[in-house]
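Undergrad:
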């Protein structure tokens with residue numbers, strides 16, 4: 001680019017003529033002590049809590065502790081570049097992050113700085129990182145489902161738009177996998193997704209990004225990364241920054257959003273570290289006294305807004321990592337009590353190959369059937385009960401006693417359902433397919449299929465029904481209702497017979513307590529009744 | 534005062550602390566110094582001894598700054614505390630108030646003698662505030678003459694609504710104008726700041742690159 005010197009000189013001349021030197025009065029303090037991301041500054045008598053300050057080398061910080069003579073400042077940047085004796089200037093504003101559609105598909109740090117190689121993030125607006133949650137009148141009940149594409153969740157632990165559903169479990173039980181699958185499943189739903197990685201390994205975040213790219217999910221996703229190598233003040237503000245980015249889409253664009261906080265245990269750890277360094281008194285498990293408020297003020301910002309405010313929603317999927325299944329620890333109990341339900345993942349189920357390793361017994365969604373389409377409500381109503389009965393009978397069957405045919409049938413149904421609820425990662429399923437599948441399975445059409453072949457049956461059945469009876473599936477998708485139950489049952493039975501014949505499955509005898517699919521169907525009310533007793 | 538060309542030195546003097554040891558001592562010692570200064574100040578106010586104690590402390594600090602022998606003696610842990618206290622008493626009993634001697638004795642007892650400069654600075658600030666006075670450090674690129682000083686003093690007195698004493702420091706880096714520091718307020722009227730602002734404005738202007746390409 002050629003620089004026109006004359007023009008440049010003219011611009012500078014014009015600027016010089018227009019420039020007016022104004023008196024600039026700043027309130028400054030002096031850094032007394034700095035270390036571990038914390039600075040103690042004397043002076044700044046009028047500094048306010050959560051106010052931004054700027055050190056003389058341009059690094060910014062947040063006023064965190066207001067003490068009698070000094071203020072404790074959390075440094076948002078490389079604290080090693082700040083020296084004792086530096087000046088800290090009050091900026092008289094609160095921390096804000098850039099927001100806007102320019103963030104979609106980007107990987108940013110909690111301050112909105114790009115971490116990918118796609119150039120600067122060009123956002124025209126910014127939003128306060130900490131803002132109050134919507135009030136009662138600004139909200140609307142959660143009634144619209146957010147489809148995760150995971151059968152076990154959509155059927156038994158449904159999540160609604162605007163709900164807070166905790167994903168809790170030990171390490172390596174598939175917590176992040178559920179969140180990623182849910183993001184991938186939003187490809188056609190128009191839901192904007194924000195994945196906030198807190199204290200994760202950079203390699204893990206890179207793997208998540210890679211998977212999202214592979215499934216074309218980055219187009220509607222923002223990654224806010226505060227990896228384990230980021231300093232803990234950034235880890236502390238990361239979920240709030242992600243939340244502010246989501247709020248912009250909810251409030252300004254009236255869109256539905258999904259935000260994943262992965263994970264809040266590490267967020268609490270970062271806050272504990274920060275608090276202890278600021279000499280705040282430690283409480284239970286050395287967490288400060290306001291650790292509940294730390295998460296409650298974050299998760300309360302998730303809401304379904306009223307129609308007057310555009311009807312947007314923010315669904316939150318916070319993740320908590322437990323230690324050796326200890327759900328009664330401080331942070332898990334706090335977050336369980338804040339959220340509208342939890343999906344509990346068990347390591348022994350995971351090891352047994354039941355994936356997602358959801359313990360359907362203690363997983364719960366407090367929004368419940370309100371967050372399901374009518375068809376799913378119809379078919380999944382008894383699924384939970386059947387699974388509970390199966391677990392009870394399974395424990396009883398381990399005693400090795402002789403079982404009556406009804407019990408054996410119920411056990412077989414349970415095993416079949418367990419197999420059916422298994423789902424590989426990144427293989428999300430449409431809700432209409434889920435409805436059809438669960439309906440036929442819960443009406444005994446899989447009872448004759450050996451457990452090892454249930455997943456093969458599932459895949460082939462879905463292929464069959466979508467190919468031969470596409471109107472049944474499209475009807476469920478369009479109306480959200482199961483209008484033709486009889487036809488669906490007939491299709492299930494027809495395909496079951498075909499599958500048994502095609503795969504030369506030897507049917508069990510009457511003495512073993514198993515019946516043909518038709519008989520199972522006829523006797524179903526009796527079975528359920530007997531099981532209840 | 535020496536030329537405060539590096540930021541650390543300039544910040545240190547901002548508090549009027551005047552001693553390099555003070556700001557590198559950290560938060561705990563800062564808090565301890567503040568506690569001592571407050572205690573001495575409250576004692577002086579309660580017994581209406583602000584004048585004599587302030588004067589005595591000032592005199593002591595002058596000797597402290599000038600005499601390295603004195604500093605080493607007071608801070609020497611190899612010498613018994615009582616011996617140090619007795620020697621200080623015998624040296625200063627006719628020159629300063631008994632209250633300040635007791636205070637120094639307490640600092641020797643508690644092994645906190647290294648805090649003396651910081652305590653003095655904080656005590657002076659408190660005493661000035663009580664007398665409705667304010668010390669203002671004016672940093673300029675060139676030495677201020679007496680008429681400039683008096684004009685500035687009057688302007689600052691009008692602005693701050695307080696009696697002001699000015700101390701002038703030279704820092705060529707500000708290029709022109711001046712920067713005033715008082716309490717935790719910084720009033721920047723330097724040429725350096727103006728040029729930086731101007732630079733920011735020019736850099737953030739739409740440059741019209743396409744047009745230049747054509748040219």
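Protein chains in written order, with our numbering: chain G, 1 to 533; chain R, 534 to 748. Think of the CB as a built atom: it goes at the ideal place given N, C-alpha and C, for glycine as much as any other residue.
Determine the burial state of residue 19(G): buried for a count of at least 16 other Cβ atoms within 10 Å of its Cβ, exposed for fewer.
TA: With fewer than 16 Cβ atoms within 10 Å of its Cβ, residue 19(G) is classed as exposed.
Undergrad: Do residue 220(G) and residue 184(G) have their CB atoms nearer than 7 Å?
TA: In this structure, residue 184(G) does not lie closer than 7 Å to residue 220(G) by Cβ.
Undergrad: Write down every uninterrupted run of the alpha helix (DSSP H) in the region 1-70 of chain G whose length is 4 residues or greater and which is fully enclosed by it, in chain order.
TA: Entirely contained in the region 1-70 of chain G, the alpha helix (DSSP H) runs reaching 4 residues are, in chain order, 5-18.
Undergrad: Report, in whole angstroms, the separation of the C-beta atoms of residue 469(G) and residue 491(G), which I expect to be a contact under 8 Å.
TA: 6 Å between Cβ atoms; contact.
Undergrad: Which residue wins for smallest C-alpha separation from residue 446(G), given the options 156(G), 330(G), 421(G), 353(G)?
TA: When only C-alpha atoms are compared, the closest one is 421(G).
Undergrad: For chain G, check one thing: does any of its Cβ atoms lie closer than 7 Å to the Cβ of residue 719(R)?
TA: Chain G, which has a Cβ nearer than 7 Å to the Cβ of residue 719(R), makes this yes.
Undergrad: Would you tell me roughly how many angstroms separate the C-alpha atoms of residue 118(G) and residue 241(G), rounded to the nearest one?
TA: If you take the alpha carbons of residue 118(G) and residue 241(G), they lie about 20 Å apart.
Undergrad: Would a check of beta-carbon distances place residue 560(R) closer than 7 Å to chain G?
TA: Chain G contact via Cβ: present.
Undergrad: The alpha helix (DSSP H) with residue 701(R) in it runs from where to where?
TA: Note, residue 701(R): premise wrong, no alpha helix (DSSP H); beta strand (DSSP E) at 696-703.
Undergrad: At what residues does the alpha helix (DSSP H) containing residue 633(R) begin and finish?
TA: Where residue 633(R) is concerned, the enclosing alpha helix (DSSP H) stretches over 631-642.
Undergrad: What alpha helix (DSSP H) runs, 4 residues minimum, are completely inside the region 167-210 of chain G?
TA: Those alpha helix (DSSP H) runs which fall completely within the region 167-210 of chain G and span 4+ residues are 175-184.
Undergrad: For residue 434(G), collect the residues of the same chain with a Cβ closer than 8 Å to its Cβ; drop the 5 residues on either side in sequence, then sort them by chain order.
TA: The answer, listed in chain order, is 151, 154, 155, 376.
Undergrad: For residue 160(G), which residues in the same chain have their Cβ closer than 7 Å to its Cβ, ignoring the five residues on either side in sequence?
TA: Taken in chain order, the residues that qualify are 142, 143, 144, 145, 146, 367, 370, 371.
Undergrad: Kindly indicate which residue of 176(G), 39(G), 47(G), 205(G) has the alpha-carbon position closest to the one of residue 115(G).
TA: Among 176(G), 39(G), 47(G), 205(G), the Cα nearest to that of residue 115(G) is on 205(G).
Undergrad: Over what stretch of residues does the beta strand (DSSP E) that includes residue 506(G) continue unbroken?
TA: Run containing residue 506(G): none; DSSP gives neither H nor E here.
Undergrad: At which residue ranges does the region 246-329 of chain G contain complete alpha helix (DSSP H) runs of 4 or more residues, listed in the order of the chain?
TA: DSSP runs (the alpha helix (DSSP H)) wholly in the region 246-329 of chain G: 264-277, 291-299.
Undergrad: Is the Cβ-Cβ distance between residue 100(G) and residue 125(G) less than 7 Å?
TA: Yes, Cβ-Cβ distance for residue 100(G) and residue 125(G) is below 7 Å.
Undergrad: Have a look at residue 353(G) and residue 266(G) and give me their C-alpha separation to the nearest angstrom.
TA: Cα to Cα, the separation comes out at about 27 Å.
Undergrad: Using the rule of at least 16 other Cβ atoms within 10 Å of the residue's Cβ for burial, across every protein chain shown, is residue 511(G) buried or exposed?
TA: Because the pLDDT at residue 511(G) is just 41, under 50, the model does not fix this residue reliably, and the value given afterwards should be weighed accordingly. Under this definition residue 511(G) is an exposed residue.
Undergrad: Should residue 660(R) be labelled buried (16 or more other beta-carbon atoms within 10 Å of its own) or exposed?
TA: That one is buried.
Undergrad: For residue 421(G), name the three-state secondary structure that DSSP assigns.
TA: Three-state result, residue 421(G): helix.
Undergrad: Inspect the beta-carbon positions of residue 492(R) and residue 624(R) and report whether they are closer than 7 Å.
TA: No answer is possible for residue 492(R): it lies beyond the span of chain R, which begins at 534 and ends at 748.
Undergrad: Based on the DSSP secondary-structure assignment, which residues constitute the bridge partners of residue 345(G)?
TA: Note: residue 345(G) sits in a beta bridge opposite 169(G), 358(G).
Undergrad: Measure from the alpha carbon of residue 76(G) to the alpha carbon of each residue in 274(G), 493(G), 359(G), then state which is nearest.
TA: Among 274(G), 493(G), 359(G), the Cα nearest to that of residue 76(G) is on 274(G).
Undergrad: What are the residues in the region 192-218 of chain G lying within 7 Å of chain R by C-beta distance?
TA: Against chain R - using a Cβ distance shorter than 7 Å - the region 192-218 of chain G contributes no residues.
Undergrad: Give the straight-line distance between the Cα atoms of residue 550(R) and residue 95(G), rounded to the nearest whole angstrom.
TA: Only weak support exists for where residue 550(R) lies, its pLDDT of 39 falling under 50; the coordinates are left without a value.
Undergrad: Would you kindly check if the distance between the Cβ of residue 589(R) and the Cβ of residue 630(R) is under 7 Å?
TA: Yes; because the gap between Cβ atoms is below 7 Å, this pair is in contact.
Undergrad: 7 Å is my cut-off, CB to CB: does residue 567(R) come that close to chain G?
TA: Yes, residue 567(R) counts as interfacial toward chain G.
Undergrad: List the residues of chain R whose Cβ lies closer than 9 Å to the Cβ of residue 15(G), in chain order.
TA: Here the neighbours are 731, 734, 735, 738.
Undergrad: Looking at chain R, is there any beta carbon in it that lies within less than 7 Å of the beta carbon of residue 361(G)?
TA: No, residue 361(G) lies away from the interface with chain R (no Cβ there is under 7 Å from its Cβ).
Undergrad: Within the 7 Å Cβ cut-off, does residue 321(G) reach chain R?
TA: No, residue 321(G) lies away from the interface with chain R (no Cβ there is under 7 Å from its Cβ).
Undergrad: Would you say residue 563(R) faces chain G, with C-beta separation under 7 Å as the test?
TA: Answer yes: the Cβ-Cβ gap between residue 563(R) and chain G drops below 7 Å somewhere.
Undergrad: Excluding the 5 residues flanking residue 179(G) on each side, which residues of the same chain have their C-beta closer than 8 Å to its C-beta?
TA: 167, 195, 260, 262, 317, 319.
Undergrad: Taking the alpha-carbon positions, what's the residue 162(G) to residue 29(G) distance?
TA: Cα-Cα distance, rounded: 43 Å.
Undergrad: Relative to the C-alpha of residue 365(G), which candidate in 382(G), 343(G), 438(G) has its C-alpha closest?
TA: Closest option to residue 365(G), Cα to Cα, is 343(G).
Undergrad: Taking 7 Å as the threshold (beta carbon to beta carbon), is residue 727(R) in contact with chain G?
TA: Closer than 7 Å to some Cβ of chain G, the Cβ of residue 727(R) qualifies, so yes.
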